[in-house]
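Number of protein chains: 2
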Amino acid sequence: MSEASIGIGLIGCGTVGSGVITLLGEMREAYAQRLGRSLELRRVLVRNTTTPRDAVVPANLMTDDPETFFGDPDIDIVVEVAGGLDPVGGFVERALAAGKHVVTANKSLLAARGVELFALARKHDVCIAFEASCGGGIPILQALKFGLAANRVDALYGILNGTCNYILSQMSDHGAEYDAALTDAKAKGFAEADPTLDVTGADAAQKLAILASLAFGVAVNADDVSCQGIDEIEIEDIHYGVELGYAIKLLAIAERQDEGYVLRVHPCFVHMDEPLSQVRDAFNAVSVFGHAVGHSMFYGHGAGQMPTASAVVSDILNVAAGWYPQAFKSMAIWPDQHEPSQMVDPDDVNNRYYLRIAARDVPGVMAKVAKIIGDLGISISAILQHESDEDSGFVPLIITTHDAREGSVRQAAEALAQSDVVAGRPACLRIIELPTG
Amino acid sequence: MSEASIGIGLIGCGTVGSGVITLLGEMREAYAQRLGRSLELRRVLVRNTTTPRDAVVPANLMTDDPETFFGDPDIDIVVEVAGGLDPVGGFVERALAAGKHVVTANKSLLAARGVELFALARKHDVCIAFEASCGGGIPILQALKFGLAANRVDALYGILNGTCNYILSQMSDHGAEYDAALTDAKAKGFAEADPTLDVTGADAAQKLAILASLAFGVAVNADDVSCQGIDEIEIEDIHYGVELGYAIKLLAIAERQDEGYVLRVHPCFVHMDEPLSQVRDAFNAVSVFGHAVGHSMFYGHGAGQMPTASAVVSDILNVAAGWYPQAFKSMAIWPDQHEPSQMVDPDDVNNRYYLRIAARDVPGVMAKVAKIIGDLGISISAILQHESDEDSGFVPLIITTHDAREGSVRQAAEALAQSDVVAGRPACLRIIELPTG
């Protein structure tokens, strides 16, 4: 990098890219003062130079030609905010091979090719900064890598998808049904036209893979994460949850156990005393449990133009200052240096459970239900049954369990569904008790 | 620093020092793996070598002789966890002048002599790391310096004193009176035998000075912080607060305004929808508002042996890795580089207020009270008066105001105290509304 200025090349100029350009413009003097050198936007590589943009970009900086972009010798840091695997993965490779540092917000790319790209960066003595790939503006990666470095991290629990948290908040706080809440989220810009990646938990799983790999120092793929979305949640279970003292959240969970790691994304009940249960609307948060620090939590906007740009530009500053490249070189904490990991079979994971059973309203039903559950070694913690004034012949019976094997609970749900005293499949939600710390 | 190992010299071996030694022992291999070099405890300087310690320290490492300690050429990093100004300030100076990096948890020393010590470190091309000085295990300083670096920080609101938060939680959640809650806090080890520094807000003010200086990049002293403690809070105000939707918290507040900075520590009401209002018992939290990132919050243990040791040892790792010294050198964000600051006169600060007035139970009182308040330009937001079955002749009248000048509210309280329709001085608490972000 030159003495007087640091050249930035931007790949992608959509929402986040425009936010980055805005920040580089409005904070220009403040950044130059902090770094002792100015940050100069040299080139912006886009698919189509005539698309309208949020930010004002001088026309001579815009190009749709990768050769022009990569031929510019004055680019020191390549900032990739285009997203997707192709052609962007090739661009990132090309930047690293040319000895340029890379700042990226691309969780899909890191989930798919992280190890390889980090190794490539190391080979060419440059670094990859990726704070924006996870948790938007929340500096959670930095906390895991440096701020909590002294700890053996034992577990983390994250609300990592703002779309899902917004929908669940609408259902909990305003009694909206799932479909109505999703429509509302789309109208407000909190959900994409095709919300599949969000509501299935796939987006949260990609982020969890990144967080877990840094927290535990092991290689993790998004495929290692068992995943369940929010689209089957029924409003009445949310109401029963409130009655029992729980809020519903889509949690991304990473736990270290003796037998290996547990990685999963699923909707679950969290007790209302937990700070995570109070995270509302499109906010994200991550609770981290370190063996020395105990419970710490990081909260903020998990997406959005300026929060994500905040993470990207903070990375730019830290790379430009030289300290992040130094950390990349001197600490063996990066994805290409992680050990292989051993995952626990999801069936062997233990949890408390909530079951809602449509039970026939005749004598002896509770005994039959309790026998099915007890025979599988599952111990009941509490039972809730209200007086019914319905005429369907079935009443909702709510059962919460003590810690039980997931495989056994699945068997119990199956057996209950087959039973002549139960209508349909029981609704089933995990109750997550965070460690005390 | 040598190629094979990094030498640590520890000053102080009380609670935190013992925690540091424990971590360095139990995590020895993990740290060596991450750094590619081992961390070696070379010397422990204490006042009295025969005092019993929590941690096992080889007798040959302990010394009460500063000459022995500073004469050891194999110490690369001096870790100061003894606390206080004297003789510790001299030891820190001596370490820096000898070209050793310093890690410190000493907020009093930084509050009193920070600028001078940072300049001394710079002169000798070493650094000072001080994460543990503020917020215990929460990596909040790192977030302000690096993770949120792209932002102009506009405000921060912190629960920075675990003793006060524990006492207020006991009062709110269990109806304890102040004296009983303080006694309980002492019994549980959450308050010192002499709790003055905590309950007066002085401890939170020292921490706020450090946070505000980093957040705003300006020179701040603890004396710049206007400060009020929790010892005059009455339980009935907490109950009225709950009725109005507020939790009581001792907040440390730093705000950037057009006219200058507002820095203050005082008890106040925070709306229960705010994440900060849900921070219970001895936990700490800081809500930061950055112009790009919006609202982010950092939560965790603000004190205690292992959380504080987590911050100290994370600093050691980051200094040993070389990246923190690089950041110290290349970014102009450190206390000795801060600009002078302009403070807003506390009387000119605007807030909403809660007033509890013991009003005479006769006709026309409300009109008189409203006139006193209105004549000072203070606008009433809500009034709460329950039917009374007491015979004292006075009823509690609760008034909340819209934003009002602090000086005017003080005058109003004075005028009400003088009025013949009011008994005694009104109870007065600020209502803090956090920015939307």
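If you're matching them up, the sequences are chains A and B in order. The first sequence lines up with residues 1 to 437 when you count with this note's numbering. The second sequence lines up with residues 1001 to 1437 when you count with this note's numbering. Backbone N, C-alpha and C fix where the C-beta goes; we use that ideal spot for every residue, glycine too.
Check                                                                                                                         : Outcome
Coil, strand or helix - residue 374/A by DSSP                                                                                 : helix
Residue environment, residue 1107/B, which counts as buried when at least 16 other CB atoms sit within 10 Å                   : buried
Rounded separation between residue 1132/B and residue 308/A - CA only                                                         : 28 Å
Contact set between residue 271/A and chain B, taken where Cβ atoms lie within less than 7 Å                                  : Within chain B, no residue comes near residue 271/A; the closest Cβ sits about 12 Å away, beyond 7 Å.
Reduced DSSP category for residue 192/A - H, G, I as helix; E, B as strand; rest coil                                         : coil
Given 8 Å, three or more beta-carbon pairs between the segment 207 to 219 of chain A and the segment 166 to 184 of chain A    : no
Interface residues of chain B facing residue 152/A [CB-CB closer than 8 Å]                                                    : 1027 and 1030
For residue 1052/B, the residue or residues it bridges with in DSSP                                                           : DSSP lists no partner for residue 1052/B.
Residue environment, residue 1388/B, which counts as buried when at least 16 other CB atoms sit within 10 Å                   : exposed
Closer than 7 Å at the beta carbon, the chain B residues around residue 327/A                                                 : 1321 and 1323
Cα-Cα separation between residue 1154/B and residue 263/A, rounded to whole angstroms                                         : 37 Å
Buried/exposed call for residue 393/A, threshold 16 Cβ in 10 Å                                                                : exposed
Counted within 10 angstroms of its Cβ, other Cβ atoms place residue 1207/B as buried (16 or more) or exposed                  : buried
Enclosing beta strand (DSSP E) for residue 1359/B [first to last residue]                                                     : 1350 to 1360
For residue 1254/B, the nearest candidate out of 1271/B, 1205/B, 1245/B and 1229/B (CA to CA)                                 : 1205/B
Min CB distance residue 307/A to chain B below 8 Å                                                                            : yes
Runs of alpha helix (DSSP H) wholly within the segment 292 to 351 of chain A (minimum 4 residues, chain order)                : 305 to 320 and 323 to 330
Runs of alpha helix (DSSP H) lying entirely within the segment 53 to 127 of chain A, each at least 4 residues, in chain order : 66 to 70, 88 to 97 and 107 to 123
The segment 238 to 270 of chain A: positions lying closer than 8 Å to chain B by Cβ                                           : none
Nearest-angstrom Cα separation, counted from residue 1321/B out to residue 326/A                                              : 8 Å
C-alpha distance - residue 201/A paired with residue 222/A, whole-angstrom precision                                          : 11 Å
Min CB distance residue 295/A to chain B below 8 Å                                                                            : yes
Any C-beta of chain B under 8 Å from that of residue 338/A                                                                    : no
Where residue 1019/B falls, given that 16 or more other Cβ within 10 Å makes a residue buried                                 : buried
Stretch pair the segment 72 to 82 of chain A + the segment 50 to 60 of chain A: three plus CB contacts closer than 8 Å        : no
Residue 1257/B: first and last residue of the uninterrupted beta strand (DSSP E) it sits in                                   : 1246 to 1257
Residue 194/A, buried or exposed, once every other Cβ within 10 Å from all chains shown has been counted against 16           : exposed
Span separating the alpha-carbon of residue 291/A from that of residue 56/A                                                   : 48 Å
Listed by chain order, chain B residues near residue 79/A by CB distance under 7 Å                                            : Those do not exist, as residue 79/A stays about 12 Å from chain B at its closest Cβ, beyond 7 Å.
Proximity test, Cβ basis, 8 Å: residue 1278/B and chain A                                                                     : yes
Beta carbon proximity, residue 34/A to chain B, threshold 8 Å                                                                 : yes
Closest Cα partner of residue 278/A within the set 293/A, 300/A and 260/A                                                     : 300/A
Short CB-CB distance (under 8 Å) between residue 170/A and chain B                                                            : no
Per-residue contacts from residue 366/A into chain B (C-beta, under 7 Å)                                                      : By Cβ distance, chain B contributes nothing, its closest Cβ being about 36 Å from residue 366/A, past 7 Å.
Reduced DSSP category for residue 1239/B - H, G, I as helix; E, B as strand; rest coil                                        : helix
Cβ of residue 1139/B within 8 Å of any chain A Cβ                                                                             : yes
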